[in-house]
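Everything below concerns the one structure shown next.
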Amino acid sequence: MTSLDELPLRDDLRGLTPYGAPQAPLPIALNVNENTHPVPDEVADDILDEIARALREVNRYPDREFTALREGFAEYLGHGLTADQIWAGNGSNEVLQHILQAFSGPSRTVFGFAPTYSMYPLLAQGTGARWVAGVRDDDYALTPESAAAQVAEADPDVVLLCAPNNPTGTPMGLDVIEAVYEAARGVIVVDEAYFEFAPHDSVSALTLLHGRPRLAISRTMSKAFAFAGARVGYLAADPTFIDALRLVRLPYHLSAITQAAAIAALRNSATMLRMVDEIVEQRDRISATLEALGYQPHESWSNFVLFGGVTDPPALWRALYDRGVLIRDVGIPGHLRVSAGTEAETTAFLEALASIGSPS
Ligand code: PMP
């Protein structure tokens, strides 16, 4: 077999490793922040009917502008948004890729505050851009002053703000986003993949969109909507920002089947989202139990918990693995991350952890 070194690969891709969260067939999988509750049966039937209708016309290309789906997202998001302010892709990863294809690229810079979502540097490198990581304060928080100063210094073409942040769960104040917008010349993307798990009275960065043409807010159906396998992410921004994304997307990038599934799921959003409160309850139970066991959970507004006080993360990860529980070593010294599962899965994780013994 040929090795990668022998292929005429782009020089800037040599030596890189692909995204690689382990996909192991363990009974308790709490490693990639999925919603571990299946799509409710009554919604599944409605989604299947919509897919069946789409299938009868699948000899034709789908609506390239996915108009009905964009209308559905505008209605779901509220804030007076209209379909011309909405974009969507095969997962928010593709939406982010479209942004970077349009606004980054060779000789350009993409900036984020580390530790943050592991795909950001990979997406940046994929377009040939340079990834620059800023730093966070204690407990991974950010002040408007520090965030703005770092962004002004780096002068990036794209800033990726993850709110709440993965893998730490840390919330981000709207004042930070406003300060970064003012300090930057480039586009600002607020990745609200986990927004639905935040406290009910928390305010979305969608409220900042008016009058900020360089701002975009991305969301996903992969988490709260329990739709990770369907691959649907979306974004709200100024209509001109959306026009920029049309320059780089592949024609018909959202299949007729994907559009049908997402439209039907959105139509049932109240039912699709009904497990969110239960997941938040399990997340808080994880944090409380971790603390009682002697670990240091970080505040989380998402569906996972990052916890410190782990003497040997790879060893604890392996010990849980051997007990049938898959969580994530995100490479932060002394830490591991676990997603909130169903009540039974969460119990299995907590009992496995307790059986291994408390940290020294
Ligand atoms: N943003 C963040 C912060 C994430 O954690 C993830 C998935 N783990 C994504 C985006 C991408 O999700 P998807 O492509 O499934 O929408």
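Residue numbering for the sequence shown follows numbering that gives the first Met the number 0, starting at 0 and increasing by one per position.
From the three backbone atoms N, C-alpha and C, an ideal C-beta is built for every residue, glycine too.
Practice prompt. Give the DSSP bridge partners of L8, in chain order.
Written response: For L8, which the question treats as bridged, DSSP gives no partner whatsoever.
Fill in: CB of A51 within 8 Å of CB of F65, strictly
no
Discussion item. Are there any heavy atoms of the ligand MG lying less than 7 Å away from the beta-carbon of T35, as far as the coordinates show?
Written reply: As for the ligand MG, it is missing from this structure, which binds only the ligand PMP.
Practice prompt. Taking only the alpha-carbon atoms, compute the straight-line gap between E298 and L208 and give it to the nearest angstrom.
Written response: L208 has its alpha-carbon roughly 27 Å from the corresponding atom of E298.
Discussion item. For H252, tell me which candidate among Y60, V189, F348 and P143 has the shortest Cα-Cα distance.
Written reply: Y60
Item to complete: Report, in whole angstroms, the separation of the C-beta atoms of P163 and Y193, which I expect to be a contact under 8 Å.
Response: 5 Å
Discussion item. Measuring CB atoms only, is the stretch 113 to 129 touching the stretch 258 to 265, in the sense that at least three cross pairs come out at less than 8 Å?
Written reply: The answer is no - the stretch 258 to 265 does not touch the stretch 113 to 129, with fewer than three Cβ pairs under 8 Å.
Practice prompt. Within the same chain, show all residues whose beta-carbon is closer than 6 Å to that of L25, passing over the 5 residues directly before and after it, in chain order.
Written response: Here the set comprises G323 and L325.
Worksheet entry | Distance, A53 Cα to L244 Cα | 25 Å
Fill in: Complete alpha helix (DSSP H) runs within the stretch 258 to 336 (minimum length 4 residues, chain order)
Counting only runs of at least 4 residues, the stretch 258 to 336 fully encloses the following alpha helix (DSSP H) elements, listed from N- to C-terminal order: 268 to 271, 275 to 292 and 312 to 321.
Fill in: Which of helix, strand or coil DSSP assigns to L160
strand
Fill in: Reduced DSSP category for T66 - H, G, I as helix; E, B as strand; rest coil
helix
Worksheet entry | Burial state of H334, where buried means 16 or more other Cβ atoms lie within 10 Å | buried
Fill in: Alpha-carbon to alpha-carbon, G210 and L319
49 Å
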